[in-house]
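Under the UniProt record's numbering, read the sequence shown as residues 1 to 291, first letter to last. Positions of the beta carbon are idealized from the N, C-alpha and C atoms, including for glycine. Keep in mind that this is a model prediction, so the values were computed, not measured. Heads up, the thing below is written out as structure tokens.
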Amino acid sequence: MDIWVELSRMGRGGMAGLTSGMTILVLGATGKTGRRVVGRLRDRGVAVRAASRSSETRFDWEDSGSWASAVRDVAAVYLIAPEEPKLIEPFVDQAVAAGVAKFVVLSGRGGADGFGEVFGHGMAEAERAVKASGVAWTIIGSNNFAQNFDEDLWYEPLLTGRLALPTGGVREPFVDVEDVAEVAATLLTEDGYDGRRYDLSGPEGLTFDEAVAQIAAASGRTMSHVDVSPAEYGAELRAQGYPEDVVEQLNAMFDLVRAGLLAEPADGVRQVLGRDATPFAAYVDRAWRRR
Ligand SMILES: NC(=O)c1ccc[n+]([C@@H]2O[C@H](COP(=O)([O-])OP(=O)(O)OC[C@H]3O[C@@H](n4cnc5c(N)ncnc54)[C@H](OP(=O)(O)O)[C@@H]3O)[C@@H](O)[C@H]2O)c1
Numbered sequence: 001m002d003i004w005v006e007l008s009r010m011g012r013g014g015m016a017g018l019t020s021g022m023t024i025l026v027l028g029a030t031g032k033t034g035r036r037v038v039g040r041l042r043d044r045g046v047a048v049r050a051a052s053r054s055s056e057t058r059f060d061w062e063d064s065g066s067w068a069s070a071v072r073d074v075a076a077v078y079l080i081a082p083e084e085p086k087l088i089e090p091f092v093d094q095a096v097a098a099g100v101a102k103f104v105v106l107s108g109r110g111g112a113d114g115f116g117e118v119f120g121h122g123m124a125e126a127e128r129a130v131k132a133s134g135v136a137w138t139i140i141g142s143n144n145f146a147q148n149f150d151e152d153l154w155y156e157p158l159l160t161g162r163l164a165l166p167t168g169g170v171r172e173p174f175v176d177v178e179d180v181a182e183v184a185a186t187l188l189t190e191d192g193y194d195g196r197r198y199d200l201s202g203p204e205g206l207t208f209d210e211a212v213a214q215i216a217a218a219s220g221r222t223m224s225h226v227d228v229s230p231a232e233y234g235a236e237l238r239a240q241g242y243p244e245d246v247v248e249q250l251n252a253m254f255d256l257v258r259a260g261l262l263a264e265p266a267d268g269v270r271q272v273l274g275r276d277a278t279p280f281a282a283y284v285d286r287a288w289r290r291r
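Structure below.
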């Protein structure tokens, strides 16, 4: 039985008839979005194969020998792109040959054409490869995650009290990763979203000064955001030991931020979930109060 035919018979939102034995592969399953997508799919009663280098199913982009067991008997894939674009088309081809009928790709706002020369080569290639795959695909184009403040690069600097980034005072409608995961789980399991791109953000733009001030107030810690030049940011990253390619990628991402390309809220959360995106204040309350 084809899962997508079965789901379309049930209509959008209908999961009651989902048969057992249909598996969804979640890549990056230990990461910020992937582990939440795994949880939401399991809550929906869907069989999930959680995959990454350290997950239940070992999957390493750098070891193509690990791909076959990950894609076996899988109906759909949540695809987090590796940095190296060359790996993606062979993986997509192998997955389709194994019977995968749908990809949901996590990408960034702006999309393949808006990333510029330096940033997002993996995400851009993932978008291209699934569009050329001949099977169903949906793209998530996400703003910067709110959880970058407590689960990723901005966390350690924040704990020192000083988060220095080249933001130029531009607003960013940070998206709550809980919303990204809920959207992804919906796109993976429900019908009617194929061949489309959904840009996801929070409901309103905040400057990094405002965002860090909210976190400081909720956590009771002294913290501030300092706006630095790209050259100063690069120098600080190099001093912390980041390799040159990562320095260039991060600076290129903030070039997009300063150009205002990520500044306007997008309505993808409402389009898919039929509700407003989660406010940054709700993320702060959940993640930072009494931390
Ligand atoms: N952060 C943002 O604001 C933002 C916004 C838009 C888009 N994105 C995109 O989101 C993606 C990252 O997603 P995320 O934030 O959910 O993940 P994440 O928290 O960065 O975690 C990375 C995941 O990838 C796995 N991984 C790392 N190297 C791997 C390898 N060689 N082979 C297989 N798996 C590997 C890790 O698990 P193991 O260590 O167990 O392998 C982990 O599960 C990137 O493409 C990024 O560009 C991020």
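- By the CB criterion at 8 Å, Leu87 and Trp61 fall inside the cutoff.
- Looking at Leu158, Gly122 and Leu25, the one whose alpha-carbon comes closest to that of His225 is Leu158.
- In this structure, Phe280 and Leu165 do not form a Cβ contact; the two beta carbons are roughly 16 Å apart against a cut-off of 8 Å.
- Distances taken from the Cβ of Ala70 to the heavy atoms of ligand 1 include none shorter than 7 Å.
- Collapsing the DSSP output to three states places Ala239 in a helix.
- Relative to ligand 1, the nearest heavy atom lies less than 7 Å away from the CB of Ala81.
- Inclusion of Pro265 and Glu182 in the CB contact set at 8 Å is not warranted, their separation being larger than that value.
- In the DSSP assignment, Trp137 is bridged to Phe103.
- Contact between Glu84 and Gly122 holds: CB atoms are separated by about 7 Å, below the 8 Å threshold.
- Counting of Cβ neighbours within 10 angstroms places Glu172 among the buried residues, the total reaching 16 or more.
- Note on Ser54: under 16 other CB atoms within 10 angstroms of its CB, so exposed under the neighbour-count rule.
- Excluding sequence positions up to five before and after Val228, its CB lies within less than 8 Å of the CB of Ala164, Leu165, Pro166 and Glu236, all in the same chain and listed in chain order.
- With the rule of 3 Cβ pairs closer than 8 Å, the stretch 89-100 does not count as touching the stretch 242-255.
- Met223 is the residue among Ser66, Arg40, Met223 and Leu25 whose C-alpha sits nearest the C-alpha of Trp288.
- Assignment of Leu87 by DSSP, reduced to helix, strand and coil, places it in the helix class.
- The Cβ neighbour count for Asp199, taken over all protein chains shown within 10 Å, is at least 16; the residue is labelled buried.
- Beta-bridge annotation (DSSP): His225 is paired with Leu163.
- The beta-bridge partner set that DSSP reports for Phe145 consists of Val175.
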